[in-house]
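In this note's numbering, the protein residues as written are 1 to 442.
Below is one structure, written out as structure tokens, with a few remarks after it.
Quick look at the structure:
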């Protein structure tokens with residue numbers, strides 16, 4: 001007799017065979033954790049992509065101040081046609097689907113053999129790197145389509161909406177594939193790899209760095225690197241290659257400061273990857289550095305050609321490279337490289353920053369090994385409350401709901417969700433006030 005028949009009693013008393021409340025609760029918690037991990041990965045990738053696009057926009061604006069003709073841009077990304085965008089999305093979708101099937105096949109081919117386990121670990125790491133690339137590529141393509149075709153008054157809703165939906169779908173598939181490949185094969189192998197990496201990091205943190213210095217000394221070096229040296233480089237650059245107006249001189253100072261910050265970030269990534277034995281990050285850092293250096297040289301040559309045209313001489317080219325290449329790029333990069341010096345007693349501030357990064361990484365690995373969360377989990381709607389801030393009134397409603405849910409279940413982010421709701425309301429009020437003022441003007 002089937003368990004759902006009338007003879008088994010009322011439907012209120014019927015339970016699913018083999019299901020325990022504890023097991024069901026664990027399944028629900030695990031499913032929520034998995035979905036929250038996918039959403040968090042997509043959200044973080046979107047924030048990083050938007051930050052990189054904002055960085056490139058700022059760089060293009062600053063370099064535009066050095067152009068002889070303000071109507072001509074030194075850096076420009078031309079928009080793609082609709083057919084090209086469809087083709088790019090088709091190729092990217094094929095790559096994402098292939099990665100999904102590749103991940104499933106790697107999981108299905110796992111066995112207890114040592115060689116098969118080693119191959120599976122290498123395949124997982126390779127596929128994870130590809131999924132991260134596909135994730136960022138899909139989000140970047142959607143953002144670029146929005147920038148190209150969402151300009152007033154020519155707003156192409158079809159291309160913008162279709163591109164954003166396609167990018168969101170591909171991003172979630174790529175993030176799910178990455179999370180699926182996150183854990184290495186087998187509990188014993190995973191524990192062994194984590195123990196080995198913790199041992200390496202602990203050895204590096206304890207033995208590879210000199211004793212800590214005072215914070216005042218490190219901050220003094222930072223002031224010299226990020227404030228005083230950019231000012232000196234700007235003055236030297238103006239002496240060698242005089243600026244035509246104050247805006248050009250201010251833009252040159254902004255370029256030097258931006259190059260200094262970029263050099264600090266890239267060298268910090270390089271040092272941490274060198275200590276943590278991450279060859280992929282080392283290769284990516286070197287490749288990006290060469291690309292940035294090449295783009296800077298092209299910008300300098302383009303600016304000199306714009307100033308002198310066909311009358312460009314060797315002396316003009318030399319002064320341009322000295323004023324806009326040596327002072328703007330080489331000197332800040334050299335200063336940041338000097339900040340990586342290390343002895344038995346002292347070290348530069350970038351080495352101190354690398355020590356802090358590796359220490360936090362080791363602490364996180366130790367907490368994962370203890371299987372004990374260091375703090376309460378983040379509310380599942382907190383991140384999305386900030387994502388909907390520009391969309392009134394949904395940002396207010398979602399922010400209030402996220403704050404209430406976080407307080408009810410004891411999760412983190414209740415105050416952050418309240419701030420997101422208030423920010424959404426403030427932006428809406430500011431927009432309405434601006435429209436009213438504009439309408440009142442003659």
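Idealized CB from N, CA, C, for every residue including glycine.
C-beta atoms of residue i and residue j nearer than 8 angstroms
| i | j | result |
| --- | --- | --- |
| residue 255 | residue 62 | yes |
| residue 229 | residue 332 | yes |
| residue 177 | residue 99 | yes |
| residue 358 | residue 231 | no |
| residue 399 | residue 421 | yes |
| residue 365 | residue 200 | no |
| residue 145 | residue 163 | yes |
| residue 351 | residue 340 | yes |
| residue 380 | residue 32 | yes |
| residue 258 | residue 109 | no |
| residue 124 | residue 181 | yes |
| residue 425 | residue 414 | no |
| residue 175 | residue 280 | no |
| residue 296 | residue 325 | yes |
| residue 142 | residue 240 | no |
| residue 382 | residue 416 | yes |
| residue 392 | residue 428 | yes |
| residue 298 | residue 266 | no |
| residue 87 | residue 127 | no |
Host alpha helix (DSSP H) of residue i (start-end)
| i | result |
| --- | --- |
| residue 329 | First-last for residue 329: undefined, no H or E at that position. |
| residue 106 | 82 to 108 |
| residue 277 | No alpha helix (DSSP H) holds residue 277; DSSP gives it neither H nor E. |
| residue 323 | Element bounds for residue 323: n/a, residue is neither H nor E. |
| residue 216 | 215 to 223 |
| residue 226 | Segment: none, residue 226 is in no alpha helix (DSSP H) and carries neither H nor E. |
Residues bridged to residue i [DSSP beta-bridge criterion]
| i | result |
| --- | --- |
| residue 412 | 378 |
| residue 394 | Answer by DSSP bridge pairing: none, since residue 394 is not bridged. |
| residue 155 | 150 |
| residue 171 | Looking at the DSSP assignment, residue 171 forms no beta bridge with any residue, so it has no partner. |
| residue 347 | 342 |
Neighbourhood of residue i by C-beta distance below 7 angstroms, restricted to the same chain and skipping five residues each side
| i | result |
| --- | --- |
| residue 263 | 332, 333 and 336 |
| residue 441 | none |
| residue 65 | 247, 248 and 251 |
| residue 172 | 38 and 42 |
| residue 272 | 354, 357 and 358 |
| residue 386 | 420 |
Own chain residues within Cβ distance below 8 angstroms of residue i, not counting five before or after
| i | result |
| --- | --- |
| residue 274 | 282 |
| residue 293 | 329 |
Same chain, Cβ closer than 6 angstroms to residue i, neighbours up to 5 away in sequence not counted
| i | result |
| --- | --- |
| residue 377 | 411 |
| residue 149 | 156, 159 and 160 |
| residue 396 | 421, 424 and 425 |
| residue 131 | 99, 174, 177 and 178 |
| residue 327 | 233, 236 and 237 |
| residue 221 | 349 |
- Task: Determine, using beta-carbon pairs with one atom in the stretch 159 to 173 and one in the stretch 88 to 103, whether at least three such pairs fall under 8 angstroms.
- Result: yes
- Query: When the Cβ atoms of the stretch 130 to 140 are set against those of the stretch 42 to 59, are three or more pairs found closer than 8 angstroms?
  - Reply: Judged by Cβ distances under 8 angstroms, the stretch 130 to 140 makes contact with the stretch 42 to 59, as three or more pairs qualify.
- Are three or more beta carbon pairs between the stretch 208 to 228 and the stretch 336 to 351 nearer than 8 angstroms? yes
- Query: Between the stretch 235 to 244 and the stretch 209 to 219, do at least 3 Cβ pairs fall closer than 8 angstroms?
  - Reply: In short, these stretches do not touch, since the Cβ pair count stays below three.
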